[in-house]
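Report on one structure; see the data block that follows.
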Amino acid sequence: MRKNKNQILRTAADEFTKKVNKLSSPLEIAIVGSVAMEAEKSLKNAVGIKF
């Protein structure tokens, strides 16, 4: 069964939260956050969500 757009984004956010909780330094969090923002844009484009 194909997931709807909200479920895809919710799953990605949950995975991101789990990974951030394992980080220790502000620099690590900033780098991962920056990469996550770019990944979110790509994911939204892939599933057809307009900005």
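Per the numbering used here: the sequence shown ends with 58, consecutive numbering throughout. For glycine and all other residues, C-beta sits at the position ideal for the given N, C-alpha and C.
Within the same chain, LYS26, VAL27 and LEU30 come within 7 angstroms of VAL39 by CB-CB distance, once the 5 residues on both sides are set aside.
Taking the Cα positions, ILE15 is about 28 angstroms away from SER32. Judged by DSSP in its simplified three-state form, LYS29 adopts coil rather than helix or strand.
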